[in-house]
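Numbers 1 to 535, taken from full-length UniProt numbering, label the letters of the sequence shown in order.
Heads up: the structure comes next, in structure tokens.
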Amino acid sequence: MGNDLDVVVIGAGFAGLYMIHRLRGLGIAVHGLEAADGVGGTWFWNRYPGARCDSESYYYCYAFSRELEQEWDWSERYPGQAEILSYLEHVADRFDLRRSISFSTTVVSASWDGDRWVVDTEDGARWTCRWLVTAVGCLSSANVPDIPGLASFAGTWHHTGQWPHEGVDVAGRRVGVVGTGSTGIQAIPVLAEAAGHLTVFQRTANFSIPARNAPLSPEEAAGYKADYAAIREVQQASTNGHPFVVSDVDTLALPDDERRALFERAWERGGLRFRAAVRDVLADPAVNEQASEFIRSKIRSTVTDPDVAEALTPRDHPFATKRPPIDTDYFETYNRPDVSLVDVRADPIAEITPGGVRLASGAEHPLDVLVFATGFDALSGPLLRLGLRGRDGLALADAWAEGAATYLGLGVAGFPNLFTITGPGSPSVLTNMPTSIEQHVDWIADVVAHLRAHDLDAEPTPEAQARWADHVREAADATLLPQAASSWYLGANVPGKPRVFLPYAGGFARYRGMCDAEAQAGYPGFALRARRQVA
Ligand code: N01
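Encoded structure:
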């Protein structure tokens with residue numbers, strides 16, 4: 001294998017694996033570069049206790065192979081990290097993908113030299129290619145808060161997204177968790193089971209819906225397999241890539257008892273389906289407040305100490321304007337005598353000491369293990385750390401100084417022949433990721449085949465990119481999503497990051513239609529240039 005290729009794909013998670021498979025099927029010379037020593041992406045790195053998918057197993061998987069769909073057996077309603085990793089390892093073997101991937105190979109820079117991409121890796125190797133495809137995930141750049149004194153901590157600390165493969169021994173120890181997003185909410189009940197004492201440092205109370213995880217019965221699994229064609233159709237026509245039909249019931253018009261019964265049924269069913277059970281929940285503040293108040297009432301009735309219940313009750317953002325977590329016994333965990341909640345909005349963390357955490361008030365919390373469930377530099381972060389330089393040496397960090405801007409989330413003006421799977425400005429994190437990934441991969445495979453057939457280079461025009469930025473903003477503003485001021489959707493969780501609403505909130509089906517129209521019209525949003533003839 002030479003290092004000069006048609007396409008280099010960076011990353012070997014859901015996106016990279018399928019991209020390699022698709023391009024190989026078109027007879028295109030492709031190779032993947034992966035920092036980890038195995039496939040899996042998110043599911044390789046996120047091995048924290050309780051790591052599990054919030055989408056249900058029967059649709060958190062590839063749809064491109066009918067055989068794969070029928071062969072693979074999921075064991076639970078929501079697949080755990082280890083099971084998803086096994087699935088992706090199976091995919092890599094079944095489609096013989098490993099021979100097209102270099103593992104333990106971290107990209108440190110990639111530059112367009114006027115003719116090709118030149119990709120340098122940490123091990124000193126150099127790769128060149130005509131098209132560069134990023135498959136680096138949206139949530140792969142860990143955000144560890146810059147808290148004074150962390151280096152002095154005498155215990156061990158870990159970010160959930162970089163969890164040691166050998167695990168962390170918390171048995172009988174004093175464990176602290178910073179962060180109550182989806183990750184913290186999954187990890188806290190599991191850590192509490194093993195730890196001697198668990199202290200949760202909460203800055204923002206969060207809404208959460210019970211997952212209602214359970215083993216998948218053989219009958220359920222067989223039913224899904226028999227229904228896959230219909231399931232996939234609903235996903236493709238949906239707003240979020242989930243196979244749920246959003247309710248058409250006007251909850252504002254319902255009598256109180258009927259509305260409560262509707263919410264109760266959705267609560268009992270659990271999971272992200274709760275959101276779909278409430279029409280207009282992200283469009284109408286009055287509807288949202290009904291759903292928010294219902295969840296608040298559940299927190300009050302679950303948590304026995306009224307002060308703790310109040311501290312856990314979200315009041316600063318409408319339900320689902322931050323990515324809604326789903327949980328197993330999250331609120332119940334605060335009834336344990338060995339779990340304490342510390343409100344670090346009222347009394348912020350001042351420093352980490354050798355012995356634990358000290359708050360602004362001077363209160364000390366002694367700890368042996370500190371867990372940062374503090375999220376990620378989302379969507380733009382994984383791309384920025386690749387060291388990308390486009391035409392005339394333009395650095396991506398400079399191009400995005402005012403915030404990430406793309407055309408359709410698929411490419412960036414000034415960066416020829418670069419395609420970004422689930423990049424900023426695409427529906428990505430607002431959807432079921434494998435569904436969005438497959439749509440992007442198929443679209444990119446088609447455009448690469450087109451460019452190759454016609455010997456063209458392509459990059460988004462600045463005009464198309466500016467129009468798309470306006471549309472992404474309008475789509476977000478048509479919802480309640482921007483109301484969550486501290487949301488990572490806005491980049492608000494990373495100090496200094498420009499506040500731009502990053503994912504496209506206009507809906508998956510609508511977005512897919514726009515991508516298809518772009519291709520059918522011959523890519524009018526891209527400047528297509530005949531290849532420079534190299535002597
Ligand atoms: O990260 P987050 P996450 N001091 O950014 C707090 C996906 N996911 O890893 O809200 C104190 O949501 C921060 O507080 P605040 C899913 O898309 C998927 O939990 O900024 N606290 C917040 O509570 C999800 O949305 C699955 O005030 C600090 C928390 O840390 C996304 O990943 C499972 C702090 C971060 O929450 C990210 O979720 C898990 C500080 N300095 C995650 N800095 C599955 O489907 C941050 N916080 C499997």
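The beta-carbon is built from N, C-alpha and C at its ideal position, and this holds for glycine as well.
Cβ neighbours of residue i in the same chain (closer than 6 Å, five flanking residues each side left out)
i: phenylalanine 331; result: Ile299, Thr302 and Val303
i: proline 416; result: Trp112, Asp457 and Glu459
i: tryptophan 488; result: Gly375 and Ala378
i: phenylalanine 526; result: Ala458 and Pro460
i: glutamine 235; result: Gly241, Pro243 and Thr435
i: arginine 345; result: Arg203
i: aspartate 516; result: none
i: glycine 355; result: Pro366
i: valine 175; result: Leu191, Ala195, Leu198 and Val369
i: valine 136; result: Ile10, Gly11 and Pro382
Of the listed residues the options, nearest to residue i (C-alpha basis)
i: proline 482; options: Val500, Pro495 and His471; result: Val500
i: serine 75; options: Thr321, Tyr58 and Leu68; result: Tyr58
i: aspartate 6; options: Ser238, Ala530, Leu410 and Leu23; result: Leu23
i: arginine 510; options: Val472, Tyr62 and Trp43; result: Val472
i: valine 178; options: Asp248, His242, Trp400 and Leu198; result: Leu198
i: tryptophan 127; options: Arg232, Thr105 and Pro524; result: Thr105
i: aspartate 343; options: Gly356, Pro354 and Thr313; result: Thr313
i: proline 210; options: Ser182, Gln202 and Val441; result: Ser182
i: arginine 232; options: Thr420, Asp4 and Phe64; result: Phe64
i: glycine 25; options: Asp446, Pro189, Pro49 and Leu408; result: Asp446
i: valine 494; options: Gly38, Arg269, Asp442 and Ser141; result: Ser141
Residues bridged to residue i (per DSSP)
i: cysteine 129; result: Leu5 and Trp117
i: leucine 33; result: Ile10 and Ser102
i: proline 460; result: Phe526
i: alanine 395; result: Arg389
i: serine 340; result: Thr199
i: aspartate 158; result: Here residue 158 is histidine; the residue named in the question, aspartate, does not match the sequence. According to DSSP, which records beta bridges pairwise, histidine 158 is partnered with Val371.
i: valine 175; result: Leu198 and Val369
i: alanine 142; result: Phe376
i: proline 215; result: Glu76
i: isoleucine 28; result: BP columns for isoleucine 28 are empty, so no partner.
Residues of its chain near residue i, where Cβ-Cβ distance is below 7 Å and the 5 sequence neighbours each way are ignored
i: valine 108; result: Asp120, Thr121, Glu122 and Gly387
i: alanine 535; result: Residue placement at alanine 535 is flagged as unreliable, the pLDDT there being 39, under the threshold of 50; a coordinate-derived value is accordingly withheld.
i: glycine 155; result: Leu367, Asp368, Val369 and Leu370
i: leucine 430; result: Asn240, Pro503 and Ala505
Cβ-heavy atom distance, residue i to the ligand NAD, below 6 Å
i: glycine 270; result: With respect to small molecules bound, the structure shown includes the ligand N01 and not the ligand NAD.
Where the beta strand (DSSP E) through residue i begins and ends
i: valine 108; result: 107-112
i: glutamate 364; result: 364-366
i: leucine 85; result: Leucine 85 -> not in any beta strand (DSSP E); alpha helix (DSSP H) instead, spanning 81-94.
i: leucine 359; result: 356-359
i: alanine 519; result: Premise fails: alanine 519 lies in the alpha helix (DSSP H), 508-520, not in any beta strand (DSSP E).
Start-to-end residues for the alpha helix (DSSP H) that takes in residue i
i: histidine 242; result: Per DSSP, histidine 242 belongs to no alpha helix (DSSP H) and is neither H nor E.
i: glycine 381; result: 381-384
i: glutamate 310; result: 306-311
i: isoleucine 231; result: 228-236
i: glutamate 332; result: 330-333
i: threonine 302; result: 285-302
i: threonine 42; result: 42-45
Contact set for residue i: own chain, Cβ-Cβ below 8 Å, skip 5 residues either direction
i: residue 562; result: No statement about residue 562 is possible, as the shown extent of the chain runs from 1 to 535 and does not include it.
i: asparagine 46; result: Gln81, Thr160, Gly161, Trp163 and Thr183
Contact with chain C by residue i, beta-carbon distance below 7 Å
i: tryptophan 45; result: The structure shown contains no chain C; it holds only a single protein chain.
| task | At 4 residues or longer, and completely inside the stretch 415-483: list those alpha helix (DSSP H) runs for me, N to C. | result | 433-454 and 462-477
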